[in-house]
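Engineer: The structure under discussion is supplied below as structure tokens; questions concerning it will follow.
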Amino acid sequence: MIGTWSAHAPTYLLWLCIVTTLVFALPITFTPLAWARLMRWRIPEHTDLAVYFGRCLGCFILILEAMMLRAALTGVALQPTFEFLTAVFALMLVAHVVGALQRIQPWTETAEIGMYAALLLVTLAFFPRAG
């Protein structure tokens, strides 16, 4: 399964970059509490820490978006970008499963388990073959 669609790796990265930038990276970076409310989180009265963590996470996602865009458009660092994406999706899958088991997250976050599982499998399918 790994690399089944490797010939289309740059195209996959470009589309993944566009969608995740618009849906996750930019909203989490610039409007983290609005994004959290949209995802059904209940926001407490004091929100400064949540804003700080949201901005930090958003900045991390923007770095990943830049890596994907560069790899998609130039082919530079294609393999490391896929390695990084594989690690991110695998660990996000674990984080969301743990949150679901602990029953500490809204249903929208639990629903993301399927999204991260699918992204992990699709990323592995597009994983560029060495050589």
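Residue 122 in the numbering used here sits at position 122 of the sequence shown, with consecutive numbering throughout. Ideal Cβ positions, reconstructed from N, Cα and C, are used throughout, including at glycine.
#1: Tell me whether Gln102 sits in a helix, a strand or coil according to DSSP, three-state version.
#2: Going by C-alpha distance, which of Leu78, Leu121, Met67, Gln102 is nearest Ala25?
#3: Between His96, Ala117, Gln102, Leu124, which lies nearest to Thr108 when the distance is taken from Cα to Cα?
#4: When we look at the beta-carbon of Ile28 and count the other beta-carbons within 10 Å, is it buried (16 or more) or exposed?
#5: Quick check on Glu65: buried or exposed, where buried means 16 or more other Cβ atoms within 10 Å of its Cβ?
#6: Please go through the same chain and pick out, in chain order, the residues whose beta-carbon is closer than 8 Å to the beta-carbon of Met92, but skip the five residues on each side of it.
#7: Can the beta-carbon of Ala50 be found closer than 8 Å to that of Pro128?
#8: Measuring from the CB of Met68, is there a heavy atom of the ligand PLP at a distance below 7 Å?
#9: Which residue's Cα is closest to the Cα of Leu69: Leu57, Phe82, Gly58?
#10: What's the C-alpha gap between Ala34 and Leu62?
#11: Spatial neighbours of Phe126 within its chain, please: CB distance less than 7 Å, with the 5 preceding and 5 following residues excluded, ordered by chain position.
#12: Let me confirm a value: Leu78 is counted as buried when at least 16 other C-beta atoms fall within 10 Å, else exposed. Which label applies?
Structural biologist: On the basis of the supplied data:
#1: By one-based count along the sequence shown, residue 102 stands at place 102. In the structure shown, Gln102 sits in a helix (DSSP, three-state: H, G or I).
#2: What you label residue 25 is simply residue 25 of the sequence shown in a count that begins at 1. Of Leu78, Leu121, Met67, Gln102, the residue nearest in Cα terms is Met67.
#3: Here residue 108 corresponds to residue number 108 of the sequence shown, with the count starting at 1. Selected option, being the one with the closest Cα: His96.
#4: Here residue 28 corresponds to residue number 28 of the sequence shown, with the count starting at 1. If you draw a 10 Å sphere on the C-beta of Ile28, you find 16 or more other C-beta atoms in it, and that means buried.
#5: Here residue 65 is taken as the residue at index 65 of the sequence shown, counted from 1. The residue is buried, with at least 16 neighbouring Cβ atoms inside 10 Å.
#6: Residue numbering aside, residue 92 sits at position 92 when the sequence shown is read from its first letter. The answer, listed in chain order, is Glu112, Tyr116.
#7: In the sequence shown, the residue the question calls residue 50 occupies position 50. In the sequence shown, the residue the question calls residue 128 occupies position 128. Not a contact, by the Cβ cut-off of 8 Å.
#8: With respect to small molecules bound, the structure shown includes none, and the ligand PLP cannot be examined in it.
#9: Position 69 of the sequence shown holds residue 69. Closest option to Leu69, Cα to Cα, is Phe82.
#10: Your numbering for residue 34 matches position 34 in the sequence shown. Your numbering for residue 62 matches position 62 in the sequence shown. Ala34 and Leu62: Cα-Cα distance of roughly 18 Å.
#11: Residue 126 sits at position 126 when you count from the first residue of the sequence shown. Hits under 7 Å: Trp5, Ser6, His8, Ala9, Tyr12.
#12: Here residue 78 refers to the residue found at position 78 of the sequence shown. So Leu78 ends up on the buried side.
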